[in-house]
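First comes the structure, then the notes that go with it.
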Amino acid sequence: MNRWVLAAGACSEPWRLWTCHAVHFGLWNALLNLGALAVPFVLAPARLRGRMALVLLLVAPVLSLAILASLEGGAYRGASGLACSAWAMAGIALAWDRATRWEGVGLLALLAVKILAETYGKAIMPGGAGWVSLPAAHRWGAALGALAFPLLRVGRTVRATPR
Amino acid sequence: MAHARRLHAALGVFAALAILGHMGCMTPKTTTHRSGLMEYLYPARKDAPIPNPAGAQLQLPLRLGLAFVPSGGGGWRAADAIPAGTERPLLDIVKGAFKDKTWVSEIKVIPSTYLMPGGGFRNLDQVSRMYGVDVIALVSVDQIQYTDPKWYSFAYLSVVGAYVLPGEKNDTRTLIDAAIFHIPSRTFLLRAPGQSIVKGSSTPISLEARLREDAGKGLDLAMRELAKNMAVEVESFKTDVATGGRKDVDVVDQKGQSLRATGGRNFGGAFGGAEVLAGLALVAAAALRRRRS
């Protein structure tokens with residue numbers, strides 16, 4: 002199927018731009034992605050969590066459209082792209098604050114290792130029966146998360162976490 | 013007097029021969045270099061091997077062989093089609109197009125001296141065992157060189173003109189075709205073409221050298237186009253297999269997953285267990301750090 006046909010399909014059923022991240026290939030796939038999505042929310046300061054969730058809602062459809070360009074007629078499921086956005090966004094937010102700098106750097110380093118390993122060592126990509134992992138989703142997710150970081154700071158000054 | 017007459021007659025004959033000789037330079041000429049895939053694979057038309065009905069199962073990563081099809085005109089070399097010494101550099105162009113592909117583990121350039129004219133799949137079986145390859149790309153060449161005299165080629169009659177005037181218009185057309193076969197199952201997988209046109213001119217004295225130079229340039233350009241087309245055809249082949257368009261072929265990846273079964277179209281976003289554990293370890297370390305401070 003042509004990718005533009007897919008894009009048109011997404012436009013006729015726009016909710017799919019959000020729901021594709023919630024659909025998974027199995028329980029284990031869903032649990033791992035949920036775990037990955039939880040990590041930045043646990044690490045992020047409580048005052049940023051709500052806004053992070055809101056920004057991820059905005060990132061989700063943009064990420065879906067970006068992934069469409071990499072599918073070559075295929076289908077996509079999984080929240081890991083969105084999790085990568087959250088890792089990048091929370092990583093930068095944490096690194097921005099002196100008190101949590103090392104946590105942010107650690108989160109960003111783990112994300113970088115994941116993306117580099119998938120890009121240059123495809124044999125170690127996670128996957129399952131009947132589907133293969135799509136590294137482009139993670140690259141797009143991380144890039145969009147980094148680009149969306151300023152939205153976390155709109156209308157407020159990020160203060161140092163009280164010790 | 014009679015002696016002078018004989019001398020004039022001899023000079024006249026010599027001049028006529030010289031003019032005829034130069035006229036030879038002034039006629040169009042066609043040179044063909046050809047190596048045919050069909051003559052090599054199926055020399056006895058009625059006895060062509062039937063592909064394995066079970067089809068081909070390609071186990072990734074592939075061990076791929078690259079070779080020029082030998083010319084059918086006797087001898088073991090593709091010397092008629094490919095100048096000696098240029099075979100490997102030309103095949104290296106195609107090899108370069110595949111070197112970064114994760115689905116190819118090794119690419120072997122096989123000298124055409126190991127391929128017998130009309131050798132067919134029995135010959136390929138020998139080569140396959142010798143080089144440890146299971147898939148081979150057979151490259152055949154069809155090159156035609158046209159030489160046409162330009163309007164001022166009559167100036168060759170001055171003899172000096174044949175040395176200094178580039179009155180020969182050369183046109184070298186090259187068509188290269190690479191067909192990839194799975195040797196054990198005798199299955200044709202895909203093909204890709206490459207073509208080029210090289211135009212030039214030369215003096216009749218340097219004609220042969222110029223034609224050889226143009227032939228080499230034409231082969232090089234056509235091989236580069238072939239390498240590009242091959243990459244496109246491979247992608248199209250993968251899509252065909254994944255969508256069930258090629259029922260005679262299946263591709264099994266490093267994880268043992270069949271491309272036909274997965275459809276090659278089901279993509280998922282996933283975090284591995286180790287990645288989630290590393291994230292949770294970071295959470296634990298952050299919690300400890302915050303508790304201490």
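Chains as they are written, first to last, in the working numbering: chain Z, 2 to 164; chain B, 13 to 305.
Positions of the beta carbon are idealized from the N, C-alpha and C atoms, including for glycine.
| Query | Result |
| --- | --- |
| Could you tell me if Thr199 of chain B is buried or exposed, where buried requires 16 or more neighbouring beta carbons within 10 angstroms of its beta carbon? | buried |
| Closer than 6 Å by C-beta to Phe249 of chain B: which residues in its own chain qualify, once you throw out the five before and the five after it? Chain order, please. | Leu202 |
| Ser134 of chain Z versus chain B: which residues are under 8 Å apart at the beta carbon? | Phe279, Gly280, Gly281 and Ala282 |
| What span of residues does the beta strand (DSSP E) with Gln207 of chain B cover, start to end? | Thr199 to Ser214 |
| Go to Lys250 of chain B, then tell me how far its alpha helix (DSSP H) extends in each direction, as first and last residue. | Leu219 to Ala254 |
| Consult DSSP for Leu53 of chain B and reduce its assignment to one of helix, strand or coil. | helix |
| Compare the C-alpha of Arg17 of chain Z against each of Z:Ala113, Z:Pro136, Z:Tyr77 and Z:Cys85 and name the closest. | Z:Tyr77 |
| In the DSSP assignment, find the alpha helix (DSSP H) that holds Phe133 of chain B and state where it starts and stops. | Gly132 to Tyr143 |
| Using the beta-carbon of each residue, which ones in chain Z are nearer than 7 Å to Val288 of chain B? | Leu33, Gly36 and Ala37 |
| Quick one: is Gly256 of chain B near chain Z, going by C-beta distance under 7 Å? | no |
| Examine the Cβ distances between the stretch 107 to 119 of chain B and the stretch 236 to 249 of chain B and report whether three or more of them are shorter than 8 Å. | yes |
| What residues in the stretch 67 to 83 of chain Z bring their beta carbon closer than 9 Å to a beta carbon of chain B? | Ile68, Ser71, Leu72, Glu73, Gly74, Gly75, Ala76, Tyr77, Arg78, Gly79, Ala80, Ser81, Gly82 and Leu83 |
| Excluding five sequence neighbours on each side, which residues of the same chain lie with their C-beta closer than 7 Å to the C-beta of Tyr143 of chain B? | Gly77, Lys120 and Ile122 |
| Taking the alpha-carbon of Leu294 of chain B as reference, which of Z:Ala67, Z:Val43 and Z:Asn34 has the nearest alpha-carbon? | Z:Val43 |
| Is there at least one Cβ from chain B nearer than 7 Å to Glu119 of chain Z's Cβ? | no |
| Extract the residue ranges of the beta strand (DSSP E) inside the stretch 270 to 304 of chain B, only unbroken runs of 3 or more that lie entirely within it. | 278 to 280 |
| Answer with yes or no whether the minimum CB distance from Gly291 of chain B to chain Z is below 7 Å. | yes |
| Tell me which residues share the same chain as Leu271 of chain B and place their Cβ nearer than 8 Å to its Cβ, disregarding the 5 neighbours each side in the sequence. | Lys250, Val253, Ala254, Asp262, Val263, Val264 and Asp265 |
| Can you tell me whether DSSP reads Glu309 of chain B as helix, strand or coil? | Nothing can be reported for residue 309 of chain B, as the shown portion of chain B is limited to 13 through 305. |
| Is the shortest distance between the beta-carbon of Leu294 of chain B and the beta-carbons of chain Z less than 7 Å? | yes |
| For Ala89 of chain Z and Leu112 of chain Z, which I take to be in contact (beta-carbon distance under 8 Å), what is that distance rounded to the nearest angstrom? | 6 Å |
| Could you give the C-beta distance for Ala87 of chain Z and Pro41 of chain Z, rounded to a whole number, given that I count them as a contact under 8 Å? | 4 Å |
| Identify, in the order they occur along the chain, each residue of the same chain with its Cβ nearer than 8 Å to the Cβ of Ala143 of chain Z, setting aside the five sequence neighbours on each side. | Cys85, Ser86, Trp88, Ala89, Leu112 and Ile116 |
| Taking 7 Å as the CB-CB cut-off, is Ala298 of chain B touching chain Z? | yes |
| For the stretch 204 to 223 of chain B and the stretch 130 to 138 of chain B, state whether three or more C-beta atom pairs, one from each stretch, are separated by less than 8 Å. | no |
| Could you say which of Z:Arg99, Z:Leu28, Z:Ala61 and Z:Pro151 lies nearest to Pro15 of chain Z if we only look at CA atoms? | Z:Ala61 |
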